[in-house]
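Order-wise, the sequence lines are chains G and P.
Reminder that position 176 of the first sequence reads as 176 in this note's numbering, one-by-one numbering, no gaps.
Reminder that position 209 of the second sequence reads as 209 in this note's numbering, one-by-one numbering, no gaps.
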Amino acid sequence: MARRVSNRRKTLVTIVAWAVGIAIFFPILWTILTSFKTEAEAIASPPKFLFFDWTLENYAEVNSRSNYFLHFMNSVIISVGSTLLGLAIAIPAAWSMAFVPGKRTKDVLMWMLSTKMLPPVGVLIPIYLLFRDSGLLDTRLGLVIVLTLINLPIIVWMLFTYFKEIPGEILEAARMDGAGLWEEVVHVLTPMAVPGIASTLLLNIILAWNEAFWTLNLTAAKAAPLTAFIASYSSPEGLFYAKLSAASTLAIAPILVLGWFSQKQLVRGLTFGAVK
Amino acid sequence: MTVFVRALLGATALTLAVSPALAEKLTIATVNNGDMIRMQKLTDDFTAKNPDIELEWVTLEENVLRQRVTTDIATNGGQYDIMTIGTYEVPIWAKQGWLVDLNDLPASYDIDDLLPAIRGGLTVDGKLYAAPFYGESSMVMYRTDLMKKANLEMPDAPTWDFIKQAAAAMTDKNNEVYGICLRGKAGWGENMAFLTAMSNSYGARWFDMDWKPQFDSEAWKATLTDYLDLMNNYGPPGASNNGFNENLSLFQTGKCGMWIDATVAASFVTNPKDSTVADKVGFALAPDKGLGKRGNWLWAWSLGIPAGSQKVDAAKKFIAWATSKDYLKLVADKEGWANVPPGTRTSLYENPKYQEAAPFAKMTLESINAADPQHPTVDEVPYVGVQFVAIPEFQGIGTAVGQQFSAALAGTVTADQALKNAQMITERTMMKAGYIK
Chain G
1 MARRVSNRRK TLVTIVAWAV GIAIFFPILW TILTSFKTEA EAIASPPKFL
51 FFDWTLENYA EVNSRSNYFL HFMNSVIISV GSTLLGLAIA IPAAWSMAFV
101 PGKRTKDVLM WMLSTKMLPP VGVLIPIYLL FRDSGLLDTR LGLVIVLTLI
151 NLPIIVWMLF TYFKEIPGEI LEAARMDGAG LWEEVVHVLT PMAVPGIAST
201 LLLNIILAWN EAFWTLNLTA AKAAPLTAFI ASYSSPEGLF YAKLSAASTL
251 AIAPILVLGW FSQKQLVRGL TFGAVK
Chain P
1 MTVFVRALLG ATALTLAVSP ALAEKLTIAT VNNGDMIRMQ KLTDDFTAKN
51 PDIELEWVTL EENVLRQRVT TDIATNGGQY DIMTIGTYEV PIWAKQGWLV
101 DLNDLPASYD IDDLLPAIRG GLTVDGKLYA APFYGESSMV MYRTDLMKKA
151 NLEMPDAPTW DFIKQAAAAM TDKNNEVYGI CLRGKAGWGE NMAFLTAMSN
201 SYGARWFDMD WKPQFDSEAW KATLTDYLDL MNNYGPPGAS NNGFNENLSL
251 FQTGKCGMWI DATVAASFVT NPKDSTVADK VGFALAPDKG LGKRGNWLWA
301 WSLGIPAGSQ KVDAAKKFIA WATSKDYLKL VADKEGWANV PPGTRTSLYE
351 NPKYQEAAPF AKMTLESINA ADPQHPTVDE VPYVGVQFVA IPEFQGIGTA
401 VGQQFSAALA GTVTADQALK NAQMITERTM MKAGYIK
């Protein structure tokens, strides 16, 4: 029987939820507002919230100084490319770990996760040298490879968790009906795990889009994504907050829109199997 | 071979023969500051004169740029043909053989016109390894109206005692006016740039001639004690988080009586578009303690060519253009003399039009000339650099010591404890690096 929730409690929970939501969204809102201020208004004390002279001059300046479209396309190719490549490797890996576990499956999973614990700067020089020798520096392909590898443990873990929720009997039944391994994965497992795969895909695109260590260190002019675009507007000497905010708003806008439209899918995927 | 294939091959050969020679593309890594951005907008002048050279820019924030270019040059990555580097990197990289020397720039470049102090900071064993694009020192910027109200007159060359007296007289905490604003944010290029320069005027030094750290000296104790005294009594609240930009914003909004920082700030605080006190700012040399050294630093953003570049000749052409007298004139023609990159050439400071447009020109030149990277402090030192020590280990120990001094300003450790920790940290690193046994 469903528990009765009193109106007072409901109101309280709603207020808390809104407060948390606004607190999380406030830095983004402030960035967007600052992008429409002049540099002098951006540092005004006390800060100006809505009543200031709205201007588009920062967007005009950013547009004249940088090739936004090049950085945007690099971000799209790198994040989507690394996600698709990662899924192509991770789906079979997660399938085998979920449905045909071996003695060391848990150890392998933990080992994969442990690679995320190494500070990236620790392997910067070896990877830089490998990239230099294989001609991958400042290439989209190089970044697709490196982002696939760094996000692979998360993709495998997420898919493994989703696959574990799918009853093995269904796959057995498919095998009884004569399905081979390929048919089993493509026609039976994948459709059932679509919410999980979709949320993994979206989350990984967001992670790859926001990645700012490798994308800054392995690129120069050609393959630099939006993270490098943002980094070019910060300055230790001189006011830059308004222009930096305009650049940041332009950089996060596409992923914000993607997140907005796919939030149902994301929430469904992330809570998949949470309630039985 | 069919007629069609022959025709195709012929057409291809003809196309290749008549197409213009491919332009050489230079990739330039640079820092995001006003002068560099202005140069990017003015490069049509260079490409018009050199149609066989194309330019490709990578603009990054200072710390990201430093990490990026250091990785590339140390691994011979070859991503950049020209790098924007500071006076800290040049001596270290030149000694490693990582930079191409620029001694063969054409006579029209007039290398002797470069300001001696700046040129000295970019020269190793008699060879120039980077050409200065813009140079800076540090000086006192003060509110003339508040000085007048306090019945004081700022001398051209003040002492630290006068600065303390003026800070006390100008402070009006009820109206959020603080007598002095100084850097407090931890970092080798943040609070340690200021404190190292200040310590020089107190006769302190980072190392003695045997590379033994000197934070246990009386001179360092006096430096830190006076700094904390000034900031705790007359500085703004939360100063341990303040760097250049935070203090700039405080000064521009009328909350600082004095600010001792980079000379480049002079053009910002006197710009009526951004500054509410633009017409009430005076300038003076960085203070001294009567020991013959002033507390000002020396820095130049310069253009250098990595030794691995395949396009050295084209890169030299660009550097000669970007750091030439003609470039200064080009900026003046397009954007006015006040916007010319300062601190590199003697002829600029002799130009009456520049003197008229930039009221801070005289003080900037005197500040730059007052700094000597070869002899930064009162006693002899084994290193080069005014507000830094030009050794690879300095970035790490400079920031670690800066964290201690920032903590002392925040009140989480005492001055004595901060100095003791700084001595310990520096000794440990220098021992590990093999400077001391």
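All C-beta atoms, glycine included, are put in the ideal place defined by N, C-alpha and C.
Residue i (DSSP reduced to helix, strand or coil)
i, result
"residue 114 of chain P", "strand"
"residue 380 of chain P", "coil"
"residue 299 of chain P", "strand"
"residue 127 of chain P", "strand"
"residue 232 of chain G", "coil"
"residue 100 of chain P", "coil"
"residue 277 of chain P", "coil"
"residue 14 of chain G", "helix"
"residue 161 of chain P", "helix"
"residue 267 of chain P", "helix"
Neighbour flag for residue i against chain G, beta carbons, 9 Å
i, result
"residue 396 of chain P", "no"
"residue 374 of chain P", "no"
"residue 199 of chain P", "no"
"residue 57 of chain P", "yes"
"residue 62 of chain P", "yes"
"residue 37 of chain P", "yes"
"residue 244 of chain P", "yes"
"residue 318 of chain P", "no"
"residue 40 of chain P", "yes"
"residue 283 of chain P", "no"
"residue 265 of chain P", "yes"
"residue 31 of chain P", "yes"
"residue 280 of chain P", "no"
Cutoff 9 Å: residue i Cβ touching any chain P Cβ
i, result
"residue 240 of chain G", "yes"
"residue 233 of chain G", "yes"
"residue 203 of chain G", "no"
"residue 45 of chain G", "yes"
"residue 236 of chain G", "yes"
"residue 275 of chain G", "Unreliable placement is indicated for residue 275 of chain G, whose pLDDT of 48 sits below 50; the coordinate value is still reported in the next sentence. Chain P contact via Cβ: absent."
"residue 39 of chain G", "yes"
"residue 65 of chain G", "yes"
"residue 228 of chain G", "yes"
Same chain, Cβ closer than 6 Å to residue i, five either side skipped, listed in chain order
i, result
"residue 226 of chain G", "71, 75, 251"
"residue 284 of chain P", "140, 154, 156, 158"
"residue 222 of chain G", "138"
"residue 85 of chain G", "148"
"residue 124 of chain P", "91, 94"
"residue 230 of chain G", "247, 248, 251"
"residue 54 of chain P", "23, 25"
Own chain residues within Cβ distance below 7 Å of residue i, not counting five before or after
i, result
"residue 374 of chain P", "120, 384"
"residue 334 of chain P", "42"
"residue 354 of chain P", "337, 340, 348, 361"
"residue 19 of chain P", "Any answer about residue 19 of chain P is weak, because its pLDDT of 45 lies below 50 and its placement is not dependable; what the coordinates show is given next. Cβ within range, chain order: n/a, list empty."
"residue 93 of chain G", "156"
"residue 262 of chain P", "136, 138, 244"
Distance between beta carbons of residue j and residue i, contact taken as under 8 Å
i, j, result
"residue 138 of chain P", "residue 367 of chain P", "7 Å"
"residue 188 of chain G", "residue 170 of chain G", "7 Å"
"residue 234 of chain P", "residue 142 of chain P", "In fact, because the Cβ distance is near 13 Å, the residues do not count as touching under 8 Å."
"residue 297 of chain P", "residue 418 of chain P", "21 Å between Cβ atoms; not a contact."
"residue 106 of chain P", "residue 320 of chain P", "6 Å"
"residue 324 of chain P", "residue 129 of chain P", "Not really, about 18 Å apart at Cβ, beyond 8 Å."
"residue 153 of chain G", "residue 112 of chain G", "4 Å"
"residue 406 of chain P", "residue 249 of chain P", "Residue 406 of chain P to residue 249 of chain P, Cβ: 19 Å. No contact."
Cutoff 8 Å; reference residue i; Cβ partners in own chain excluding five residues on either side
i, result
"residue 356 of chain P", "337"
"residue 228 of chain P", "408, 409, 415"
"residue 276 of chain G", "Because the pLDDT of residue 276 of chain G is 45, which lies under 50, any placement of that residue in the model is unreliable, and the number read from its coordinates should be weighed accordingly. Correct list: empty, nothing qualifies."
"residue 255 of chain G", "205, 206, 209, 210"
"residue 48 of chain G", "37, 41"
Give, in chain order, every residue of the segment 121–141 of chain G whose Cβ lies closer than 7 Å to some Cβ of chain P. The segment 121–141 of chain G vs chain P, Cβ under 7 Å: 124, 125, 128, 129, 132, 137, 138.
For the segment 245–258 of chain G, list every residue whose C-beta sits within 7 Å of some C-beta in chain P, in sequence order. Those residues of the segment 245–258 of chain G placed with their C-beta closer than 7 Å to a C-beta in chain P do not exist.
Can you give me, in chain order, the residues of the segment 195–224 of chain G that have a beta carbon less than 8 Å from any beta carbon in chain P? Cβ proximity to chain P below 8 Å picks out 216, 217, 220, 221, 224 from the segment 195–224 of chain G.
Between the segment 153–181 of chain G and chain P, which residues of the former have CB atoms less than 8 Å from a CB of the latter, in chain order? Cβ contacts with chain P: none found.
So if I threshold CB-CB distances at 9 Å, which residues from the segment 69–82 of chain P count as touching chain G? Per Cβ criterion, the list reads 71, 72, 74, 75, 76, 77, 78, 79, 80.
Short of 8 Å Cβ to Cβ, which residues in the segment 339–361 of chain P face chain G? If you check each beta-carbon in the segment 339–361 of chain P against every beta-carbon of chain G, none falls closer than 8 Å.
Contact list for the segment 224–253 of chain P against chain G, Cβ threshold 8 Å: Residues passing the 8 Å Cβ filter: 243, 244, 245, 248, 249, 252, 253.
Check each residue of the segment 191–215 of chain P: if its Cβ is closer than 7 Å to any Cβ of chain G, include it; give the result in chain order. Cβ contacts with chain G come from no residue of the segment 191–215 of chain P.
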